[in-house]
Structures are given as C-alpha cells and as structure tokens.
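Adding 9 to a residue's 1-based position in the sequence shown gives its number in this note's numbering.
Glycine included, C-beta positions come from ideal geometry on N, C-alpha and C.
Worksheet: the structure to be examined is printed underneath.
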Amino acid sequence: MKTIIEPFKIKVTEPIRFTTEKERKKILEKAYYNVFQINSENVIIDLLTDSGTSAMSHHQWAAMLQADESYAGARSFFKLEKVVRDLTSMPHFFPTHQGRAAERILYGVLSRKKRYFISNTHFDTTRANIEYAGGTAIDIPCKEARDTQSDYPFKGNIDLEKLETLLKKYTTKVGSVIMTVTNNSGGGQPVSMDNIKQVRYLCDKYQTLLVIDCCRIAENAWFVKHKEPNYQKKSYYQIAQEMFRYADAAIMSAKKDGLVNMGGFLTLKDQKLAEECQNLLIITEGFTTYGGLSGRDMEALAVGLQEVFDKDYLQYRIRSTAYLGEHLDKLGIPVVKPFGGHAIYVDAKKFYNHIPSHQFPGQALVCDLYIKGGIRSVEIGSLMFGKSANGKFIPAQWELVRLAIPRRVYTQSHIEYIIEVFENIKKTKHQSKGYKIIYEPPFLRHFTCKLKQV
Ligand SMILES: *Cc1c(COP(=O)(O)O)cnc(C)c1O
C-alpha cells in the first residue's frame with residue numbers, strides 16, 4: 010500500500026489556531042525574526058523539535074493514574090526499573106528528570122581527571138556537560154557523513170581508524186567512548202550494529218568504557234533491521250537489546266523514544282561507578298527511587314519504552330518521516346540523504362544559493378516557512394554554529410534547516426500541507442532576503458538573538 014495510515018485513532022484533540030500570512034508577518038517582526046521567541050499558539054505546525062513533544066497513548070495515561078508517589082521504594086520505580094533492566098540488561102538504574110541530568114552525573118564523575126571523550130558526534134548538551142566538568146570532547150563521525158547527498162545507509166557511524174589512533178594516543182586519559190544512537194547532531198543518521206561491535210572490540214583492547222546515548226535507539230533499530238545484513242529476522246526490541254549488551258553504560262533522554270514529555274535515566278554495569286553516580290544523583294536530582302521524576306512520569310515512561318518498539322508504530326514513524334523527505338526531493342528541494350528517523354534536513358545553502366552564509370540562508374528559509382505556512386522549524390547552520398574571529402565571519406560547515414517530526418502528533422494531511430508550503434516557497438524563493446544580527450548574547454545565541462532583514 011502506498012498510503013501510510015497512522016496506527017492509532019485520535020481520542021483527545023488539541024485545536025490548532027489558524028493565522029493569516031499578514032498576521033504572521035507582524036508576529037515574526039515582533040519576535041525579531043527569531044522563531045524561539047514566538048508563542049506556540051501562533052504556530053500552525055510545530056517542527057521545532059521532536060523532544061518532549063510526543064502524544065501519549067491511552068495506556069500511558071491510564072498507567073499515570075496508578076502511580077505510587079511515595080518518596081522511597083515506590084511501586085512505579087520498580088515497574089520502570091524492570092522495563093529498563095530487561096531492555097538494557099544493566100544492573101544499576103537511576104531515573105533523572107531528563108537526559109542532560111544523567112549526563113551531568115555520569116560525565117561529572119568520568120571527567121574528573123581532565124579526560125578525553127570520543128564520539129561519533131557529541132550532542133550539544135553532552136559536549137557542554139563534559140567541558141563544564143573539565144573534560145575534552147572529540148567528534149569523529151565516519152567519512153561517509155561528510156557528503157550530504159550520498160545514500161550510505163549508516164552515516165551515523167564512528168570513524169574506526171581515527172578511534173583507534175585516539176585510543177592509542179590518549180590511553181588511560183580516555184574517559185569513555187560515546188556512541189550517539191541515532192546520531193542527532195549528525196543529521197539523525199543511524200549507527201550500524203557492526204560499527205558498535207567494532208567499537209566494543211577497541212574499547213576492550215584499550216580498556217575504555219563504552220557509553221550509549223540511546224535517545225533514539227528504537228528508531229535506530231528500524232534501520233539495523235532493514236538495512237544491515239543478518240538482522241531481518243530479529244525484532245526491533247531484540248536489536249536494541251543486543252546493542253545495549255555491547256555497552257558499559259547508557260544515557261537516555263526519554264523525551265525522544267521514551268514517548269513521554271519529560272524524563273530520562275542512567276544505567277550502568279559497574280558497581281563502583283554506580284556508587285559514585287548514586288551519590289551525585291541524591292545531591293542534585295533526588296532519592297534513588299525517583300531521581301528527578303514523579304511516580305506518574307515513571308509510569309508513563311515504563312509504558313512508552315515498550316510501545317516504541319511496536320513494529321507498526323516504528324514502520325509508520327520511519328516511513329512518514331521519509332514520505333516528507335521523498336516529496337520534498339521530488340519537488341527539487343535539496344534534502345540531506347538518506348532520510349534519518351526523526352527529522353528531515355533541508356540544505357538551505359543549495360536551496361537559497363542567492364543568499365551568502367553570513368546572511369544566514371537557513372534562517373531565511375525558517376522565516377519563509379513561518380510566514381507562508383505558520384510552520385516552525387529550526388536553523389542548524391551559521392546562526393547556531395557560526396563564529397567570528399577578529400571581526401571575521403567563520404561560517405558553519407552546513408546551512409541546514411531541520412524539520413523535526415513530533416511522535417504520533419501530526420497526520421498525513423499535516424505532512425501534505427508542509428509539502429504544499431514548500432511548493433509555494435520554491436516559486437518565490439528568489440525574492441527572499443538574508444538577515445543580519447542586531448543583538449546576540451555571549452552563549453547559544455540562536456535562542457535569544459535579534460535579527461533584521463538585509
Ligand atoms: C535530547 C538529547 C540529549 C539531552 O537530553 P534532554 O532530555 O534534552 O536533556 C542528549 N543526547 C541526545 C542525542 C539528545 O538528542
């Protein structure tokens with residue numbers, strides 16, 4: 010069948026407020042052309058992020074009513090612990106309020122002796138937590154990741170040759186190898202089981218820990234099953250279980266594949282390391298049987314972590330993301346390939362090739378998507394990562410616009426609408442102008458900077 014039907018019925022709805030193009034022009038001007046400054050009620054389709062934006066199932070809502078909110082030894086904790094243990098087969102489990110809290114705890118302990126961390130690509134909060142604790146974060150994505158148009162299936166892999174060189178060079182100064190699955194900052198591209206196995210082999214050889222940043226491990230499992238030899242007969246869940254078996258620890262932001270709006274956890278094999286993490290957890294998050302979460306949160310996560318491996322859900326999830334990518338591609342919009350699990354990335358440098366990097370072509374497209382269709386997206390280019398040194402502008406490596414798809418929130422007709430907005434933008438793209446910054450804060454400027462059209 011060509012039609013992708015959502016494997017759920019809608020029981021509760023949230024109205025979308027429609028705005029006109031004229032209204033949106035005013036709203037955007039008032040927000041200084043920064044979509045982070047727009048209220049969500051003025052957004053028609055929100056593709057800002059897939060983090061914490063999932064719709065929960067009736068099983069999750071029902072579970073929340075059965076929550077045990079006891080301070081210590083809550084039933085809801087044991088329910089979640091059982092689910093996480095079965096999935097990861099790691100003996101130590103700590104709930105946290107979101108992914109970065111687990112990162113702060115684990116990398117707070119591991120960074121202590123100014124160690125090096127090596128990853129396929131550190132997510133920005135991962136890097137920030139490592140650097141804040143005194144460590145150094147090194148990204149070594151595989152060579153195939155550099156070409157946005159090649160359709161190599163596992164562009165989220167780590168460069169194994171570089172990994173061995175770095176492990177040899179830094180030996181005991183390596184804090185851990187971190188595999189981000191799927192590789193969020195690297196275009197949401199998947200990691201192959203073979204790559205993880207080789208990383209495990211090198212970690213054994215050089216006696217280093219392997220941590221999996223597993224926010225999107227279910228989406229990654231889809232790619233392993235369908236793109237990697239010898240995994241067709243395994244279930245998505247079994248594939249994820251196998252991946253965890255190669256790791257020494259895992260960190261999860263449950264706001265992604267946990268199918269919840271808030272939550273995270275840390276899970277570990279080593280007893281001594283777990284004890285150190287537990288001490289930090291109690292100081293900064295909460296007692297061991299709730300971490301940063303309420304009983305309700307743990308109940309919803311225990312159910313979400315199982316639902317996310319449902320084969321009909323994952324098939325719909327990956328296919329509907331690809332559907333958007335395929336249709337934009339057919340329209341001649343340059344998109345990053347192959348399509349990842351949680352988002353489609355538009356190459357704005359190619360699409361808006363009349364706007365130079367220092368005038369932020371990605372942001373120009375973000376603004377056009379908002380004005381023409383009320384669609385909120387995010388620039389991942391020189392506005393986010395560009396720098397200036399001695400008054401000279403240094404562009405980011407790419408000028409991308411990310412269209413992140415919230416889980417179980419939008420239907421196929423919402424996606425058709427997005428495609429139509431792109432069709433309209435394409436017709437008038439030459440009239441689009443670039444932007445310049447009129448205010449920027451010292452860190453993470455994209456959240457609060459103010460812009461002006463040039
Ligand atoms: C979202 C994310 C995190 C951080 O998690 P939060 O829940 O936002 O704190 C860490 N790593 C990756 C890969 C992520 O996508």
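Per-residue burial, residue i [other beta carbons within 10 Å of its own, 16 or more giving buried]
i: residue 10; result: exposed
i: residue 263; result: buried
i: residue 370; result: buried
i: residue 71; result: exposed
i: residue 439; result: exposed
i: residue 158; result: exposed
i: residue 257; result: buried
i: residue 395; result: buried
i: residue 23; result: exposed
i: residue 19; result: exposed
Proximity winner among the options, relative to residue i (alpha-carbon distances)
i: residue 343; options: 102, 362, 326 and 327; result: 362
i: residue 140; options: 130, 152 and 125; result: 125
i: residue 259; options: 78, 290 and 221; result: 221
i: residue 390; options: 384, 365, 22 and 381; result: 365
i: residue 185; options: 252, 233 and 129; result: 129
i: residue 188; options: 104, 289, 218 and 96; result: 218
i: residue 33; options: 380, 450, 444 and 92; result: 380
i: residue 261; options: 382, 121, 87 and 226; result: 226
i: residue 190; options: 101, 266 and 235; result: 266
i: residue 76; options: 247, 444, 299 and 420; result: 299
i: residue 388; options: 194, 165, 92 and 179; result: 194
i: residue 413; options: 439, 26 and 55; result: 55
i: residue 268; options: 68, 403, 424 and 241; result: 68
i: residue 108; options: 385, 205, 306 and 134; result: 134
i: residue 223; options: 19, 454, 111 and 408; result: 111
i: residue 378; options: 20, 30 and 448; result: 30
i: residue 462; options: 164, 38, 210 and 310; result: 38
i: residue 318; options: 234, 458 and 19; result: 234
Range covered by the alpha helix (DSSP H) that runs through residue i
i: residue 336; result: 320–339
i: residue 233; result: 226–236
i: residue 382; result: 370–382
i: residue 431; result: 421–437
i: residue 304; result: 304–316
i: residue 135; result: 133–141
i: residue 114; result: 108–119
i: residue 179; result: 169–179
Unbroken beta strand (DSSP E) run spanning residue i, endpoints
i: residue 189; result: 183–189
i: residue 356; result: 352–356
i: residue 196; result: That residue, residue 196, is in no beta strand (DSSP E); it is neither H nor E in DSSP.
i: residue 36; result: Premise fails: residue 36 lies in the alpha helix (DSSP H), 30–39, not in any beta strand (DSSP E).
i: residue 68; result: Here residue 68 belongs to no beta strand (DSSP E); instead the alpha helix (DSSP H) covers 67–74.
i: residue 146; result: 145–148
i: residue 388; result: 387–389
Own chain, CB closer than 8 Å to residue i, minus 5 neighbours either side, in chain order
i: residue 296; result: 80 and 81
i: residue 340; result: 428, 431, 432 and 435
i: residue 177; result: 215
i: residue 373; result: 357, 361, 364, 441, 442, 443 and 444
i: residue 144; result: 116, 119, 120, 123, 124, 125, 126 and 184
i: residue 149; result: 127, 128, 129, 167, 168, 171, 172 and 175
i: residue 307; result: 76, 83, 85, 86, 88, 89, 104, 272 and 299
i: residue 50; result: 26
Close-in-space but distant-in-sequence residues of the same chain around residue i (CB under 6 Å, 5 per side omitted)
i: residue 418; result: 64
i: residue 196; result: 345, 349 and 354
i: residue 329; result: 13
i: residue 447; result: 459 and 461
Spatial neighbours of residue i in its chain, beta-carbon cut-off 7 Å, leaving aside the 5 residues before and after
i: residue 16; result: 321, 322 and 325
i: residue 61; result: 264, 270 and 271
i: residue 327; result: 228, 231 and 350
i: residue 46; result: 40
i: residue 96; result: 249, 250, 253 and 314
i: residue 304; result: 76, 77, 78, 83 and 85
i: residue 161; result: 153
Reduced DSSP secondary structure (H/G/I, E/B, other) of residue i
i: residue 288; result: helix
i: residue 396; result: strand
i: residue 203; result: helix
i: residue 96; result: helix
i: residue 365; result: coil
i: residue 128; result: strand
i: residue 256; result: coil
i: residue 89; result: helix
i: residue 209; result: helix
i: residue 447; result: strand
i: residue 277; result: strand
i: residue 293; result: helix
i: residue 14; result: coil
i: residue 405; result: coil
i: residue 49; result: helix
i: residue 84; result: helix
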